[in-house]
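In what follows, a single structure is set out as structure tokens and then discussed.
Number of protein chains: 2
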Amino acid sequence: MTVTLADVAARAQVSPATVSRVLNGNYPVAAATRERVLRAVDELDYVLNGPASSLAAAASDLVGILVNDIADPFFGIMAGAVQSEIGGPGGRAGGERLAVVCNTGGSPERELTYLTLLQRQRAAAVVITGGAVEDAEHAAALTAKLQRLTDAGTRVVLCGRPPAPETGAVALSFDNRGGGRALTEHLLALGHRRIGYIAGPEERTTTRHRLEGHRDALADTGLPRGAELTLHGPYDRATGHAATVELLRREPALTAIVAANDTVALGACAALREAGRRIPDDVSVAGFDDLPFSVDAVPALTTVRLPLAEAAARAGRIAMGREQEPPGGTATIHGELVVRGSTGKA
Amino acid sequence: MTVTLADVAARAQVSPATVSRVLNGNYPVAAATRERVLRAVDELDYVLNGPASSLAAAASDLVGILVNDIADPFFGIMAGAVQSEIGGPGGRAGGERLAVVCNTGGSPERELTYLTLLQRQRAAAVVITGGAVEDAEHAAALTAKLQRLTDAGTRVVLCGRPPAPETGAVALSFDNRGGGRALTEHLLALGHRRIGYIAGPEERTTTRHRLEGHRDALADTGLPRGAELTLHGPYDRATGHAATVELLRREPALTAIVAANDTVALGACAALREAGRRIPDDVSVAGFDDLPFSVDAVPALTTVRLPLAEAAARAGRIAMGREQEPPGGTATIHGELVVRGSTGKA
DNA sequence: AGTGCCATAGCAAGCGCTTTCTATACGGGG
DNA sequence: CCCCGTATAGAAAGCGCTTGCTATGGCACT
Numbered sequence: 001m002t003v004t005l006a007d008v009a010a011r012a013q014v015s016p017a018t019v020s021r022v023l024n025g026n027y028p029v030a031a032a033t034r035e036r037v038l039r040a041v042d043e044l045d046y047v048l049n050g051p052a053s054s055l056a057a058a059a060s061d062l063v064g065i066l067v068n069d070i071a072d073p074f075f076g077i078m079a080g081a082v083q084s085e086i087g088g089p090g091g092r093a094g095g096e097r098l099a100v101v102c103n104t105g106g107s108p109e110r111e112l113t114y115l116t117l118l119q120r121q122r123a124a125a126v127v128i129t130g131g132a133v134e135d136a137e138h139a140a141a142l143t144a145k146l147q148r149l150t151d152a153g154t155r156v157v158l159c160g161r162p163p164a165p166e167t168g169a170v171a172l173s174f175d176n177r178g179g180g181r182a183l184t185e186h187l188l189a190l191g192h193r194r195i196g197y198i199a200g201p202e203e204r205t206t207t208r209h210r211l212e213g214h215r216d217a218l219a220d221t222g223l224p225r226g227a228e229l230t231l232h233g234p235y236d237r238a239t240g241h242a243a244t245v246e247l248l249r250r251e252p253a254l255t256a257i258v259a260a261n262d263t264v265a266l267g268a269c270a271a272l273r274e275a276g277r278r279i280p281d282d283v284s285v286a287g288f289d290d291l292p293f294s295v296d297a298v299p300a301l302t303t304v305r306l307p308l309a310e311a312a313a314r315a316g317r318i319a320m321g322r323e324q325e326p327p328g329g330t331a332t333i334h335g336e337l338v339v340r341g342s343t344g345k346a
Numbered sequence: 347m348t349v350t351l352a353d354v355a356a357r358a359q360v361s362p363a364t365v366s367r368v369l370n371g372n373y374p375v376a377a378a379t380r381e382r383v384l385r386a387v388d389e390l391d392y393v394l395n396g397p398a399s400s401l402a403a404a405a406s407d408l409v410g411i412l413v414n415d416i417a418d419p420f421f422g423i424m425a426g427a428v429q430s431e432i433g434g435p436g437g438r439a440g441g442e443r444l445a446v447v448c449n450t451g452g453s454p455e456r457e458l459t460y461l462t463l464l465q466r467q468r469a470a471a472v473v474i475t476g477g478a479v480e481d482a483e484h485a486a487a488l489t490a491k492l493q494r495l496t497d498a499g500t501r502v503v504l505c506g507r508p509p510a511p512e513t514g515a516v517a518l519s520f521d522n523r524g525g526g527r528a529l530t531e532h533l534l535a536l537g538h539r540r541i542g543y544i545a546g547p548e549e550r551t552t553t554r555h556r557l558e559g560h561r562d563a564l565a566d567t568g569l570p571r572g573a574e575l576t577l578h579g580p581y582d583r584a585t586g587h588a589a590t591v592e593l594l595r596r597e598p599a600l601t602a603i604v605a606a607n608d609t610v611a612l613g614a615c616a617a618l619r620e621a622g623r624r625i626p627d628d629v630s631v632a633g634f635d636d637l638p639f640s641v642d643a644v645p646a647l648t649t650v651r652l653p654l655a656e657a658a659a660r661a662g663r664i665a666m667g668r669e670q671e672p673p674g675g676t677a678t679i680h681g682e683l684v685v686r687g688s689t690g691k692a
């Protein structure tokens, strides 16, 4: 029924071994023979059996990319960049690899399950994007899993997540803390003193680091930590909207809002407009990430630009062994404060 | 080195066959034995070898999802919805499946390559999202490929793309034509007569259908087809921006712009603002898709809402055989005109 | 012409799992 | 008390490919 290597071999009048070698191109085959084999492949419309090949070679060409939310451009951009680097179709040469984008939904269980699935497929590499959940139990399980993956020869690269020591995983972390600090310092410099902060979901490294940066900046100015002006929620516009309504209720004299990311900031802007506050005249708003739509917000969003595509591309290259890993297996990637129209003098 | 089925069998004092049966759960195994096997699996930290399993069983649990641009929420939303339905981790029960999101970048070659890769992996199902490129040669190649996939038992579902007759592929198409028509009719009803149209990339079904809907509406009103007021470009904000500048140059008296999608519309809005035109007082703007950020645009975007997540979820269910395919293997999904602040009287 | 080496091609042994077929043990009915 | 059906476990034959090792020419060199 289905065409196998043996069929091709028969047709080309060579042994299966030769066909395999032509296809893999890592063994000298006479030009004429190769020609003949290739023709047979073509005529029979032969397609290699991936599982069989992976089994025999004890290696697969699958590369996993874990993301928290595939519908969020933050992750989409990174996933796309990794994919373009791993040499999949259209990428550079070097054998076609299948990139597997896995949507964890931010759940540590699913993260673990996907990693097991990838381990099962003997993935060549895994890139894990986005922040981690801060939970001792899961952290331990994750560490063990990463350990096992790297032991099995799967290259693991974390992108936008803190290092996982002792696991052999390379980490390209974002300086969320520094970015958060820069943002708040910017606001403080503009004279803002009553600043609301809409943080991401609790128990996540990204959330915590950005928030710490914010608090560091406040502390430097001798301002209270302002915990009562900090609200948590998922990284979506609804959170930004609802939290803003609540912040305005708690502190009507608010003059600035820092959001956990641009999407949240957009929701905050909407709520402010509905409340009749002008941006930035009455209330300044700042986001984080500098996603593509942020420049088109009205007014354009002040934010911290994270080089998502560049970082992810680098992660992809490291995963493919096409770039040396950073010293110590860890590198920190800094964001850049981008001041636009949504922030102004208090 | 790595733990195999045989190791587990030895440890549990049973045969490899029994272990396999416990793991697959499709053969009676005494409770006590199962218990013993499961314990051994746990103790040895055994992970099934996917390739070996797929080879022996002649089937894999991979499901492919093809998207044009993973960084675009339009596709991200669909990919996420499909993924949540295919029973991957976190999905419903029914065995864990690995969803493979493949980024074609809109290139037909890559589309074909990815399909071959998926074919190679003996994927259980493939969901192809987004419009197709209209090129006779590629269409033929694609048809042949889809044919071969379905012949091999891979279920193929097209989501947001016209049917591919004779291939055995199920198609859930969007009524882009109807949506395009509704949008322009809305504008015409508001009294607009000089309407610019920023279409997507040429040679794509989505682009053509939306444009045809637009022209149908114009024709019904007895207006010229206005080809000179139609510009093409990729689905990104830069296109919207540049095209708007050009449209204003060609027709300063323009009172409305219809964009190929919301992202393009955002770019158009930016260009209009820069040109000092108020929205919608001077120029109305309409988008397409109703992506999440559209409601937060200022003014909020009038657009055509496509039930992306619902359609994709359905595609996923059909791909998994959990929902009956529509009669004739084809269904058309209609959009809904959503009128918001960006359009007004001419 | 003889010798040895390089370039190619083939042989055959798995890779780790699934599954068909066969074997065993047990219990109930005749 | 024996026979047979039922339930459960094992033996073994692959699944389609890769790859280490071996075999075979042909050529250059002596």
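Going down the list, the protein sequences come from chains A and B. Positions 1 to 346 (the working numbering) are the ones given, in order, by the first sequence. Positions 347 to 692 (the working numbering) are the ones given, in order, by the second sequence. Glycine included, each C-beta is placed from N, C-alpha and C at the ideal position. As the structure is a prediction and not an experimental result, all values here were calculated from the model.
By DSSP's assignment, A:L98 forms a beta bridge with A:L62. Within chain B, the residues V393 have their CB atoms less than 8 Å from the CB of A:T116, given in chain order. At a cut-off of 8 Å between C-beta atoms, A:P73 counts as an interface residue with respect to chain B.
Assigned with DSSP and collapsed to three states, A:G321 falls in coil, not helix or strand. Looking from the CA of A:K345, the closest CA among A:D282, A:R317, A:L291 belongs to A:D282.
A:I70 carries a coil assignment under DSSP once its states are collapsed to helix, strand and coil. Residue pairing by DSSP puts A:R204 in a beta bridge opposite A:V133.
Assignment of beta-bridge partners to A:T143 by DSSP yields no partner. Neighbours of A:S60 across chain B, judged by C-beta separation under 7 Å: P397.
Taken through DSSP and simplified to helix, strand or coil, B:S519 comes out as strand. B:A490 has its alpha-carbon roughly 15 Å from the corresponding atom of B:V503.
Cα atoms of A:V133 and A:C102: separation of roughly 17 Å, rounded to the nearest angstrom. For A:E96, the chain B residues whose C-beta falls within less than 8 Å of its own C-beta are T459, L463, listed in chain order. Going by beta carbons, A:R11 and A:E43 fall inside the 8 Å limit. Comparing alpha carbon positions, the residue from A:D236, A:A259, A:T255, A:I195 closest to A:R210 is A:A259.
Cβ-Cβ separation between B:H560 and B:T530: approximately 5 Å, consistent with a contact (criterion under 8 Å).
Counting along the chain, B:Y543 sits inside the beta strand (DSSP E) bounded by residues 541-545. Between B:A427 and B:A655, the C-beta gap is smaller than 8 Å, which places the two residues in contact. Your pair A:V63 and A:I86 checks out as a contact, with CB atoms roughly 5 Å apart and the cut at 8 Å.
For secondary structure counted as the alpha helix (DSSP H) over 4 or more consecutive residues, the region 606-669 of chain B holds these complete runs in sequence order: 608-620, 654-665. Counting the other Cβ atoms within 10 Å of the Cβ of B:S361 gives fewer than 16, which makes it exposed.
Taking a Cβ-Cβ cut-off of 7 Å, the neighbours of B:L612 in chain A comprise F293, D296, given in sequence order. It is roughly 41 Å from the alpha-carbon of A:P51 to the alpha-carbon of B:G681.
Under the Cβ distance rule, B:R660 does not count among the residues neighbouring chain A, no pair being separated by less than 8 Å.
Taking 8 Å as the cut-off, the beta carbon of B:T590 is found no closer than this to the beta carbon of B:R540. In this structure, the alpha-carbon of B:D636 lies about 24 Å from that of A:G233. Taking C-alpha positions only, B:H532 is separated from A:V285 by approximately 34 Å. Excluding its 5 nearest sequence neighbours in each direction, A:E202 has C-beta neighbours in its own chain below 7 Å: H232, listed in chain order. Contact between the region 453-471 of chain B and the region 496-512 of chain B is present, with at least three C-beta pairs closer than 8 Å. When CB distances to chain B are screened at a threshold of 8 Å, the residues of the region 141-173 of chain A falling below it are R148, A152, in chain order. Taken through DSSP and simplified to helix, strand or coil, B:T459 comes out as helix. The three-state reading of DSSP puts A:L23 in helix, counting H, G and I together. Of all residues in the region 235-262 of chain A, only R237 place a beta-carbon less than 7 Å from a beta-carbon of chain B. Around the Cβ of B:M347, a 10 Å sphere holds fewer than 16 other Cβ atoms; the residue is exposed. Pairing B:R595 with B:A563 gives a Cβ-Cβ distance that is not under 8 Å.
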